[in-house]
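Working notes, beginning with the structure itself.
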Amino acid sequence: MNKIAYDTIAGVPLHSVNVTVIANRYAAHLRLLSRITPLRNTRLLFLLRALHAHILASGFKPRTHILNRFIDLYSKSNDLHSARSMFDQTSHPDIVGRTTLINAYFKIGDHKSAREIFNATPLIVRDTVSYNSMISGYSRASLGIRALELYKQMVRDRFIPDDYTMTGLLSAAGAIADVDSRGCRQLHSAAIKYGTEGVVSVSNALIALYAMCDSIDGIIFAHEVFDGMLVKDELTWTTIIISYVRRGDVNSARFLFDGMTDRVDVVWNAMISGYVRHGLFSEALELCRSMYSKGITFDEFTYTSVLTLCASSGLFMMGKAIHAHIIRACSNFDPETALPVENVLVTLYSKCEKLNSAWNVFVNIGSKDTVSWNAMLSGYINAGLVDAGFAFFRDIPCKNMLSWTMMISCFAQNGFGEDALKLFTRMRIEGIKPCDFILSSAVSACAGLGALELGRQIHGLLLLSGYDSSNSTGNALVTMYAKCGMVEEAHHVFYSMSCLDYISWNAMIAALAQHGRGFEAIGFFKEMLHNRIRPDRITFLTILSACNHAGLVDQGLRYFDSMKDDYNIVAGEDHYARLIDLLGRAGRITEAKEVIASMPFEPGPLIWEAVLSACRIHEDLKLGIHAADQLFEMTPQHDGTYVLLSNMYAAAGMWDGVAKVRKLMKDRQIKKEPGCSWIEYGNKVHVFLVSDTNHPDIWEVHRFLEMLGAKMRKMGYTPNTKFVLHDVESEEHKEYALSTHSEKLAVGFALLKLPAGATIRVMKNLRICGDCHSAITFISLLMRREIIVRDGKRFHHFENGVCSCGNYW
DNA sequence: ATAGGGTTAG
Numbered sequence: 001m002n003k004i005a006y007d008t009i010a011g012v013p014l015h016s017v018n019v020t021v022i023a024n025r026y027a028a029h030l031r032l033l034s035r036i037t038p039l040r041n042t043r044l045l046f047l048l049r050a051l052h053a054h055i056l057a058s059g060f061k062p063r064t065h066i067l068n069r070f071i072d073l074y075s076k077s078n079d080l081h082s083a084r085s086m087f088d089q090t091s092h093p094d095i096v097g098r099t100t101l102i103n104a105y106f107k108i109g110d111h112k113s114a115r116e117i118f119n120a121t122p123l124i125v126r127d128t129v130s131y132n133s134m135i136s137g138y139s140r141a142s143l144g145i146r147a148l149e150l151y152k153q154m155v156r157d158r159f160i161p162d163d164y165t166m167t168g169l170l171s172a173a174g175a176i177a178d179v180d181s182r183g184c185r186q187l188h189s190a191a192i193k194y195g196t197e198g199v200v201s202v203s204n205a206l207i208a209l210y211a212m213c214d215s216i217d218g219i220i221f222a223h224e225v226f227d228g229m230l231v232k233d234e235l236t237w238t239t240i241i242i243s244y245v246r247r248g249d250v251n252s253a254r255f256l257f258d259g260m261t262d263r264v265d266v267v268w269n270a271m272i273s274g275y276v277r278h279g280l281f282s283e284a285l286e287l288c289r290s291m292y293s294k295g296i297t298f299d300e301f302t303y304t305s306v307l308t309l310c311a312s313s314g315l316f317m318m319g320k321a322i323h324a325h326i327i328r329a330c331s332n333f334d335p336e337t338a339l340p341v342e343n344v345l346v347t348l349y350s351k352c353e354k355l356n357s358a359w360n361v362f363v364n365i366g367s368k369d370t371v372s373w374n375a376m377l378s379g380y381i382n383a384g385l386v387d388a389g390f391a392f393f394r395d396i397p398c399k400n401m402l403s404w405t406m407m408i409s410c411f412a413q414n415g416f417g418e419d420a421l422k423l424f425t426r427m428r429i430e431g432i433k434p435c436d437f438i439l440s441s442a443v444s445a446c447a448g449l450g451a452l453e454l455g456r457q458i459h460g461l462l463l464l465s466g467y468d469s470s471n472s473t474g475n476a477l478v479t480m481y482a483k484c485g486m487v488e489e490a491h492h493v494f495y496s497m498s499c500l501d502y503i504s505w506n507a508m509i510a511a512l513a514q515h516g517r518g519f520e521a522i523g524f525f526k527e528m529l530h531n532r533i534r535p536d537r538i539t540f541l542t543i544l545s546a547c548n549h550a551g552l553v554d555q556g557l558r559y560f561d562s563m564k565d566d567y568n569i570v571a572g573e574d575h576y577a578r579l580i581d582l583l584g585r586a587g588r589i590t591e592a593k594e595v596i597a598s599m600p601f602e603p604g605p606l607i608w609e610a611v612l613s614a615c616r617i618h619e620d621l622k623l624g625i626h627a628a629d630q631l632f633e634m635t636p637q638h639d640g641t642y643v644l645l646s647n648m649y650a651a652a653g654m655w656d657g658v659a660k661v662r663k664l665m666k667d668r669q670i671k672k673e674p675g676c677s678w679i680e681y682g683n684k685v686h687v688f689l690v691s692d693t694n695h696p697d698i699w700e701v702h703r704f705l706e707m708l709g710a711k712m713r714k715m716g717y718t719p720n721t722k723f724v725l726h727d728v729e730s731e732e733h734k735e736y737a738l739s740t741h742s743e744k745l746a747v748g749f750a751l752l753k754l755p756a757g758a759t760i761r762v763m764k765n766l767r768i769c770g771d772c773h774s775a776i777t778f779i780s781l782l783m784r785r786e787i788i789v790r791d792g793k794r795f796h797h798f799e800n801g802v803c804s805c806g807n808y809w
């Protein structure tokens with residue numbers, strides 16, 4: 001068809017001298033051209049341009065209808081620039097040309113230019129169709145309010161709305177936030193008033209609109225309209241079925257679906273995608289099979305749904321097979337509707353971490369949209385490739401809110417809080433208004449970094465934007481204030497929240513537990529139960545650590561049992577690890593061993609980490625080395641464990657063990673300081689220092705530790721404890737020992753110089769190790785000071801010789 | 001020259 005048309009047009013005698021003959025031929029052939037849809041053949045577009053140039057060169061003034069035809073064809077070829085210049089050349093464009101251009105502008109998403117053309121049209125020239133085009137254009141652009149305003153203007157301008165108007169208006173109304181049934185009724189009356197309620201398209205739009213109301217009566221009204229229709233078409237059925245699917249009532253949708261006699265492919269697709277969206281994968285597959293057996297061909301929409309199913313249920317082999325089938329059998333997809341298929345293929349490969357395959361699909365997409373870029377970005381993020389992901393993110397030409405959200409929360413969740421906040425700031429500089437999801441990600445990033453001031457600013461932003469009432473942001477704020485040491489403010493946010501869910505309670509309990517207020521945390525837990533909020537596994541993790549901090553070992557044991565008995569939550573390794581930590585810290589090592597023996601699974605890294613720290617506190621060298629050896633065979637879950645490991649080996653004099661740990665840390669790029677800095681063993685605190693006299697602070701450190709040791713002895717607090725300063729002499733050991741970073745101990749100096757009773761907040765981003773921790777714990781007891789220190793990601797709250805992290809002096 | 005339905009990224 002295309003070829004015949006092209007050959008015919010190619011035969012046009014462009015060099016003919018008779019302008020009128022040419023014009024008539026143009027008109028005829030342009031009419032022929034316009035029948036070729038979709039008009040994507042670039043040769044045809046070139047021909048169109050050649051004709052255009054020829055008209056200009058010949059000085060011939062074509063009649064309006066020929067100009068209109070040009071505008072139409074240029075618009076269909078997505079060459080709006082030429083369409084517009086054609087329009088501007090027309091001395092008196094008529095309403096048809098204007099409307100064509102208006103529709104073309106809406107098609108490319110430029111509603112402002114469309115409005116300009118419309119506004120520049122004198123009232124006397126306008127007709128109902130031009131208003132209808134504006135209304136439906138706004139409707140497709142989800143600008144419901146503007147559509148409604150234009151409808152009102154239309155009535156004011158004394159035009160009579162027709163069925164096209166009402167259909168456009170009703171579908172536009174769905175884009176207005178918080179559709180209520182009263183508003184629907186008003187529009188329904190308008191449809192009746194203008195005598196359009198019998199038109200199928202109007203009723204269909206009305207069904208869709210009623211179904212969109214949040215209230216329960218929405219779907220009832222929709223069904224009433226459906227029942228009252230004398231004539232139904234396939235879209236009527238599709239609309240009502242989709243309406244049920246959207247409300248999550250897949251069964252009612254299926255009931256209607258089964259009651260249909262002639263099902264068009266769209267209905268099948270709607271039903272299948274409904275099942276996929278609600279996770280009913282086997283039902284979706286069953287429907288695909290019966291669709292296939294009935295001989296209905298799968299189209300882009302079917303493939304998109306079924307590939308989504310594969311991607312979200314982990315059926316990667318099946319997804320790949322379908323991809324192969326598509327390549328073989330479906331070469332002539334419509335390029336516009338094929339894009340989602342390609343996008344979901346990128347997602348499929350991204351989800352199974354086949355980045356190469358994802359990339360291959362991605363680069364071959366002809367016209368990528370934001371979804372394509374975001375799908376590829378999620379591949380990088382999902383594979384944990386933060387740097388590569390960020391490099392890719394920067395190249396995205398059409399970033400939307402989701403691109404920013406993914407990147408910011410990726411940074412926040414991978415411990416790159418500073419990058420997350422930098423990007424958040426960048427986003428605000430670029431004038432993008434953050435959504436509540438991004439704001440809560442940013443608040444979480446602040447929590448991780450202890451960036452209290454910025455956190456407060458975002459809180460202010462949340463209050464201004466009205467997002468503060470949402471649960472996700474409220475919960476993030478509670479956590480942020482708690483992690484920044486501001487328990488009272490966390491409390492304040494908690495009580496100001498209109499709706500508390502289990503996550504809010506978890507956050508508040510954790511806030512108290514982190515600051516050593518174990519008793520209060522348990523009080524909140526009881527109140528949570530009193531309010532009939534069901535605790536989850538996280539609640540129990542938190543409550544176990546609250547018991548730990550409050551020293552309530554037996555109560556912790558009871559909660560552990562209650563978790564299974566009363567709430568049917570199966571204890572995971574993390575729960576067992578906390579239980580063992582609880583027992584271990586209290587010195588009940590034998591019981592801890594019994595718990596390990598009773599576990600329904602083999603102990604993993606979390607368990608051995610808990611054992612290891614118990615052994616460090618209680619000087620059980622034998623068990624400690626055993627735990628360390630076990631941990632060596634697996635991957636420790638906390639970076640701090642490596643320090644513990646090296647300390648444990650050093651305490652046993654196993655320097656080769658220390659060397660192994662250091663190598664492991666280097667290989668795994670653990671950012672903690674490797675080596676052995678501090679050991680507490682046999683009531684002695686051993687601090688290993690490299691006698692690096694070149695280090696300007698090293699003698700300060702020596703003096704500080706000596707002074708601290710002397711003060712401790714003077715207090716008689718732990719008569720047998722003393723600091724032993726080892727200058728590591730032999731070269732082979734020097735490598736394993738750590739030159740204690742003066743920065744950590746600078747905290748100690750500051751503490752000693754401040755007056756008693758002062759609350760000290762150290763907001764600098766430093767990490768404290770065992771030596772500093774012990775020193776600060778001691779000082780908090782010695783000087784009766786509340787001390788809050790940020791250690792990388794978390795806060796240590798020292799009070800009366802107890803630290804919120806549960807490490808006692 | 002205008003209208004109503006199904007798809008994709010966290």
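In case it helps, UniProt numbering puts the first sequence at residues 1 to 809.
Note that CB positions come from ideal geometry on N, CA and C, so glycine has one too.
Outcome for residue i when other beta-carbon atoms lying within 10 angstroms are tallied against a minimum of 16
i	result
His188	buried
Asn132	buried
Ser378	buried
Glu619	exposed
Ser440	buried
Asp163	buried
Phe46	exposed
Thr165	buried
Phe798	buried
Where residue i falls: helix, strand or coil (DSSP)
i	result
Phe390	helix
Phe798	strand
residue 811	Because residue 811 is not part of the residues shown, which for the chain are 1 to 809, the question remains open.
Cys184	helix
Cys398	coil
Cys615	helix
Cys446	helix
Cys352	coil
Cys803	strand
Thr121	coil
Distance between beta carbons of residue j and residue i, contact taken as under 8 Å
i	j	result
residue 876	Cys410	Only positions 1 to 809 of the chain appear in this structure, which leaves residue 876 out of reach.
Gly584	Val611	7 Å
Ala482	Ala511	3 Å
Leu307	Phe281	Not really, about 12 Å apart at Cβ, beyond 8 Å.
Phe239	Ile207	The amino acid at residue 239 is misidentified as Phe; the sequence shows Thr. So it is a contact: roughly 5 Å between Cβ atoms.
Asp227	Ser181	Wrong, their Cβ atoms sit about 17 Å apart, outside the cutoff.
Residues near residue i by beta carbon distance below 8 Å, same chain, minus five either side
i	result
Trp404	Leu423, Met427, Ile432, Pro434 and Ile438
Met271	Ile241, Val245, Ala253, Arg254, Phe257 and Leu287
Leu230	Gly198
Ser75	Ala83, Thr100, Leu101, Asn103, Ala104 and Lys107
Same chain only: Cβ atoms within 6 Å of residue i, ignoring 5 sequence neighbours per side
i	result
Thr121	Arg98
Ile509	Ala521, Phe524, Phe525 and Thr542
Asp7	Note on Asp7: pLDDT 47, under 50, position unreliable in the model; the coordinate value appears next. Answer for Asp7: no residue qualifies.
Ile670	Asp639 and Tyr642
Thr370	Cys398 and Asn400
Same chain, Cβ closer than 7 Å to residue i, five either side skipped, listed in chain order
i	result
Leu652	For the sequence presented, residue 652 should be read as Ala rather than Leu. Once the five neighbours on either side are set aside, the close Cβ partners of Ala652 are Leu621 and Ile625.
Phe540	Tyr559, Met563, Ile569 and His575
Thr304	Pro340, Val341 and Val344
His323	Leu345
Glu489	Tyr481
> Given 8 Å as the limit, is there contact between the stretch 477–488 and the stretch 452–459, that is, 3 or more CB pairs closer than that?
Replying inline: yes
>> Quick test of the definition: if touching needs 3 or more C-beta pairs under 8 Å, does the stretch 546–558 touch the stretch 526–538?
In response: no
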